[in-house]
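Sequential numbering from 1 applies to the sequence shown in full-length UniProt numbering.
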Amino acid sequence: MIVEFSHIDVSEKHVIYDLLYKLLPEQGCIEFQRDAPNKGHLWHQHQNSETLLIIEGELEFFYKDKSKICRPGDVIYLPSMIRHQSIASNQGCVYAIATQLINIG
1 MIVEFSHIDV SEKHVIYDLL YKLLPEQGCI EFQRDAPNKG HLWHQHQNSE TLLIIEGELE
61 FFYKDKSKIC RPGDVIYLPS MIRHQSIASN QGCVYAIATQ LINIG
């Protein structure tokens, strides 16, 4: 499996609510994460897959030998057991995480 990305226009605030609702699994919850400016999460991997929705700010997402700058509206589809790390920009980053792959757009 590979890491995939998509982008959704979130310039209108009501769109974010709709996306967060879609991100909710049939049973369970999503996590909201706020990373302080320049906060890094070192290389790691998860047993479960994840879907991340960037809400505010930016982060650089690293996986394998690649990286991508992620901004509001970007969605990261991260399969389980893929080593990755991230670093928030100097403005920090707010994002939502679902602990499974969920196609939100």
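Beta carbons are placed, not taken as given, at the ideal position from N, Cα and C, and that holds for glycine.
Beta bridge counterpart(s) of residue i as assigned by DSSP
i, result
"HIS83", "One point to set straight first is that residue 83 is Arg, not His, in the sequence displayed. In the DSSP output, where bridge partners are listed per residue, ARG83 has none listed."
"TYR63", "LYS66 and HIS84"
"GLY57", "CYS93"
Endpoints, beta strand (DSSP E) assigned at residue i
i, result
"ASP74", "74-78"
"HIS7", "4-7"
"GLU31", "31-35"
Reduced DSSP category for residue i - H, G, I as helix; E, B as strand; rest coil
i, result
"residue 112", "Residue coverage of the chain in this structure runs from 1 to 105, which leaves residue 112 outside it and unanswerable."
Test item: CB-CB of residue i and residue j under 9 Å
i, j, result
"VAL75", "HIS7", "yes"
"ILE55", "ILE16", "yes"
Below-9 Å beta-carbon distance, residue i vs any chain B residue
i, result
"THR99", "Included in the structure is just one protein chain, with no chain B present."
Continuous alpha helix (DSSP H) stretch holding residue i: start and end
i, result
"LEU20", "13-23"
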